[in-house]
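This report concerns only the one structure given below.
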Amino acid sequence: MSTDLQALNHQALTLPSIHTQNPDEQFSDPVARPSGNGEDGSGGEFCRTPTSEKHRIPAALRCPPAPKKPRFSRSTSCRRKLSELDFFDVVNRREVDTFFELAAAAAAAGRVSKRRRPLVE
1 MSTDLQALNH QALTLPSIHT QNPDEQFSDP VARPSGNGED GSGGEFCRTP TSEKHRIPAA
61 LRCPPAPKKP RFSRSTSCRR KLSELDFFDV VNRREVDTFF ELAAAAAAAG RVSKRRRPLV
121 E
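Throughout the sequence shown, residue numbering follows my numbering, covering 1 to 121 in sequence.
Rendered as structure tokens:
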């Protein structure tokens with residue numbers, strides 16, 4: 001390994017030369033050359049935000065109203081259909097009426113008593 005390091009030290013290291021271009025030489029075509037009147041001092045102006053009055057956002061004359069919760073109107077599509085609500089009116093109305101009449105009569109007569117379970121130990 002030491003012989004490899006010694007061989008490297010004796011060799012002349014040659015690096016390729018670096019060629020640079022002057023910015024003026026880079027743009028030899030006068031059409032492709034950027035204008036040199038940049039305000040930032042870099043000498044070139046490529047993109048710039050327009051600052052004229054017509055490009056500015058207009059000032060708000062008054063503040064917009066505060067946000068409000070949207071109101072949901074009850075539409076007929078969300079409600080139950082009338083035919084579903086009229087179930088007891090149409091189907092077996094007499095049977096339902098007699099059931100409640102008998103239950104009310106029995107409660108009024110005092111025949112209804114609670115069923116109690118005997119306590120088993």
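No residue lacks a Cβ here, since even glycine has one placed at the ideal position from N, Cα and C.
In this text, all values refer to a predicted model and were calculated from it rather than measured experimentally.
Check your understanding: Terminal residues of the continuous alpha helix (DSSP H) containing L119?
Key -> For the purposes of this step, residue 119 is taken as the residue at position 119 of the sequence shown. It is not in any alpha helix (DSSP H) - L119 carries neither H nor E in the DSSP assignment.
Review point. In whole angstroms, what separates the C-alpha of S17 from that of P58?
Key: Working through the sequence shown from its first residue, we reach residue 17 at position 17. Working through the sequence shown from its first residue, we reach residue 58 at position 58. Each residue's Cα considered, the two are about 56 Å apart.
Practice item. Work out the CA separation of R115 and A105 for me, nearest whole Å. Key: Position 105 of the sequence shown, counted from the first residue, corresponds to residue 105. Position 115 of the sequence shown, counted from the first residue, corresponds to residue 115. One C-alpha to the other measures close to 19 Å.
Check your understanding: In angstroms, rounded to a whole number, what distance separates the CA positions of T49 and K68?
Key -> Numbered from 1 along the sequence shown, position 49 holds the residue referred to as residue 49. Numbered from 1 along the sequence shown, position 68 holds the residue referred to as residue 68. Computed Cα separation, rounded: 36 Å.
**Study point:** Element boundaries [alpha helix (DSSP H), containing E53]
**Key:** Counted from its first residue, the sequence shown places residue 53 at position 53. Neither: E53 is in no alpha helix (DSSP H) and is coded neither H nor E.
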